[in-house]
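Residues in the sequence shown are numbered from 2 upward in steps of one, following this note's numbering.
The beta carbon of each residue, even a glycine, is placed where N, CA and C say it ideally should be.
On a predicted model such as this, the values are computed, not experimentally measured, just so you know.
Working notes for the structure below.
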Amino acid sequence: MKRYSETVLNGHPDKFCDLLADCIVREVYRNDPEGYAQVEASVWSHQLFLTGAIATRNRAAIDVRQLLVELGETIGYTATNHIDASRYQVHDHICRLNADPLQWTRHCNDQSIITGYAGYDGFTNWLPPEHYGAWYFRAALVRALSPGSELAGHGPDGKVLLVLDEDAQGFRLHTLLVTLQQHPSAGYLAFTEQVAVFLYAAYAQLAAKDPRWYAAWKDIRVLINPNGTFIRGGSDSDNGQTGRKLVMDYYGPRIPIGGVLYMASTSPTSTGWVPLPPGPMPWSWYRGAPPRPGYNCVMLPVSTSRWMSAFAATGSCMTIPVPVFRWMRCDGRLRPECWHTRWM
Numbered sequence: 002m003k004r005y006s007e008t009v010l011n012g013h014p015d016k017f018c019d020l021l022a023d024c025i026v027r028e029v030y031r032n033d034p035e036g037y038a039q040v041e042a043s044v045w046s047h048q049l050f051l052t053g054a055i056a057t058r059n060r061a062a063i064d065v066r067q068l069l070v071e072l073g074e075t076i077g078y079t080a081t082n083h084i085d086a087s088r089y090q091v092h093d094h095i096c097r098l099n100a101d102p103l104q105w106t107r108h109c110n111d112q113s114i115i116t117g118y119a120g121y122d123g124f125t126n127w128l129p130p131e132h133y134g135a136w137y138f139r140a141a142l143v144r145a146l147s148p149g150s151e152l153a154g155h156g157p158d159g160k161v162l163l164v165l166d167e168d169a170q171g172f173r174l175h176t177l178l179v180t181l182q183q184h185p186s187a188g189y190l191a192f193t194e195q196v197a198v199f200l201y202a203a204y205a206q207l208a209a210k211d212p213r214w215y216a217a218w219k220d221i222r223v224l225i226n227p228n229g230t231f232i233r234g235g236s237d238s239d240n241g242q243t244g245r246k247l248v249m250d251y252y253g254p255r256i257p258i259g260g261v262l263y264m265a266s267t268s269p270t271s272t273g274w275v276p277l278p279p280g281p282m283p284w285s286w287y288r289g290a291p292p293r294p295g296y297n298c299v300m301l302p303v304s305t306s307r308w309m310s311a312f313a314a315t316g317s318c319m320t321i322p323v324p325v326f327r328w329m330r331c332d333g334r335l336r337p338e339c340w341h342t343r344w345m
């Protein structure tokens, strides 16, 4: 059966917006661990628009431009790139409230349709293999774009799309398409050949680790910048918006998802992590960012320590049907180990 998936690199305008919103939310929680944040970012050309609201007990002095420039330096949007983060004109319309954030976050203040489960095994990080493959090549490219690495100076905008056939033998990679922003000084043919050599080495490592990726490289249709030279990347080639890459960030297109609870740019305080011992798992609710490494954890649709203590003491504080997750650590990421849905 044919399977499809895609991921984008950090310089893609949608992912750039996600990363910037994440930076702002982290600053809110650095200022007030119980703060409230709901931040959206959008970009076009060198125009950046920020909307939403934050609430902290102490007025949060968040320097958005500093965060923007630091993010640009981290991912490669600097003066040597077509997009220079320091040149963005920032339209900041975030409402900054000096108030008790618990009036918004004392109870779960949003709803969402959540679907997700673990499959396959640790060699695919419990993800559908096509989505693991897309993330594998994405991670390899991001590492290669860092200073001093094989593709340094190129990027950071790009996309990975792959098609594979899943059969009894394993995962036969059929098509691997990579669109990658290139430096203006690089010739098109030389650049694509350089990327092809890198992708071949990355695929060889993947196949050596997991023999189910059994296709020979010569039989894989590899497309690199098939639309031609790609220099004007980032927000000069496409507009960007937070939340457009939720499918990419989670289980891939095979698994339907929906709702704002997946988004890192919104407040995580409507839920809370509780470390639990191995064994039967109490009722839980899925929510974005993982807990500290090494824990089996669940999430609660409440945020305050009072409710979390009540949950830990009684094993239950909810009266609605919710999914059960058991979390485990796999290759640096946390994925649910099992999935059930029952009434309490």
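Nearest-angstrom Cβ-Cβ length linking T57 and D93, presumed shorter than 8 Å: Reading the sequence shown from its first residue, position 56 is the one you call residue 57. Reading the sequence shown from its first residue, position 92 is the one you call residue 93. No, T57 and D93 are not in contact; Cβ-Cβ is about 16 Å, not under 8 Å.
Candidates V9, A141, L177, of which the one nearest L165 by Cα: Translated into positions along the sequence shown, residue 165 becomes position 164. The candidate whose alpha carbon is nearest that of L165 is L177.
Identity of the residues DSSP links to Y5 by a beta bridge: Position 4 of the sequence shown, counting from 1, holds the residue named residue 5. For Y5, which the question treats as bridged, DSSP gives the partners V164.
From Q182, G159, A202, residue whose alpha carbon lies closest to that of I232: By 1-based counting over the sequence shown, the position of residue 232 is 231. Out of Q182, G159, A202, Q182 has the C-alpha closest to the C-alpha of I232.
Endpoints, the beta strand (DSSP E) within which Y37 is located: Position 36 of the sequence shown holds residue 37. Looking at the DSSP string, the run of the beta strand (DSSP E) that includes Y37 is 37-45.
Simplified DSSP assignment, three categories, for G156: One-based indexing of the sequence shown puts residue 156 at position 155. Coil.
Close Cβ partners of Q48 (< 6 Å) along its chain, the five nearest in sequence each way excluded: Residue numbering aside, residue 48 sits at position 47 when the sequence shown is read from its first letter. Once the five neighbours on either side are set aside, the close Cβ partners of Q48 are Q90.
Status (buried if at least 16 other CB within 10 Å, exposed otherwise) for S186: Reading the sequence shown from its first residue, position 185 is the one you call residue 186. S186 should be labelled exposed.
Given Y137 as reference, the closest of T8, T243, L51 once Cα atoms are compared: Taking the first residue of the sequence shown as 1, we reach residue 137 at position 136. Residue T8 is the option with its Cα nearest to Y137.
Every unbroken alpha helix (DSSP H) within the segment 101-126, with a cutoff of 4 residues, ordered by chain: If we require 4 residues or more, the alpha helix (DSSP H) runs fully inside the segment 101-126 come out as 103-106.
Residue environment, I114, which counts as buried when at least 16 other CB atoms sit within 10 Å: The count along the sequence shown starts at 1 and reaches residue 114 at position 113. Exposed, by the Cβ-count rule.
Where N32 falls: helix, strand or coil (DSSP): Working through the sequence shown from its first residue, we reach residue 32 at position 31. Note: N32 maps to helix in three-state DSSP.
Delimiting residues of the beta strand (DSSP E) encompassing G53: Taking the sequence shown and counting its residues from 1, one reaches residue 53 at position 52. Residues 48-57.
First and last residue of the uninterrupted beta strand (DSSP E) at T176: Translated into positions along the sequence shown, residue 176 becomes position 175. Looking at the DSSP string, the run of the beta strand (DSSP E) that includes T176 is 171-181.
Endpoints, the beta strand (DSSP E) within which L224 is located: Position 223 of the sequence shown, counted from the start, is the residue given in the question as residue 224. Residues 222-225.
Straight-line gap, I225 to Y215 (C-alpha atoms, nearest Å): The residue you call residue 225 lines up with position 224 of the sequence shown. The residue you call residue 215 lines up with position 214 of the sequence shown. Whole-angstrom Cα-Cα distance: 21 Å.
Supposed close pair G253, S6 - CB separation, criterion 8 Å: Numbered from its first residue, the sequence shown carries residue 253 at position 252. Numbered from its first residue, the sequence shown carries residue 6 at position 5. With a Cβ gap of about 4 Å, G253 and S6 count as contacting.
Exposure label - N126; buried when at least 16 CB within 10 Å: As a first step, residue 126 is located in the sequence shown; it is residue number 125 there, counting from the start. By the neighbour-count rule (16 or more Cβ atoms within 10 Å), N126 is buried.
Assigned exposure category for C18 - 16 Cβ within 10 Å defines buried: By one-based count along the sequence shown, residue 18 stands at place 17. Counting Cβ neighbours within 10 Å, C18 comes out buried, since at least 16 surround it.
Sequence-distant residues of the same chain with beta carbon closer than 8 Å to G229, five excluded per side: Residue numbering aside, residue 229 sits at position 228 when the sequence shown is read from its first letter. Correct list, in chain order: Y189.
Residue closest to G149, alpha-carbon to alpha-carbon, out of A119, G77, G134: Within the sequence shown, residue 149 is the residue found at index 148, counting from 1. Considering only alpha carbons, the answer is G77.
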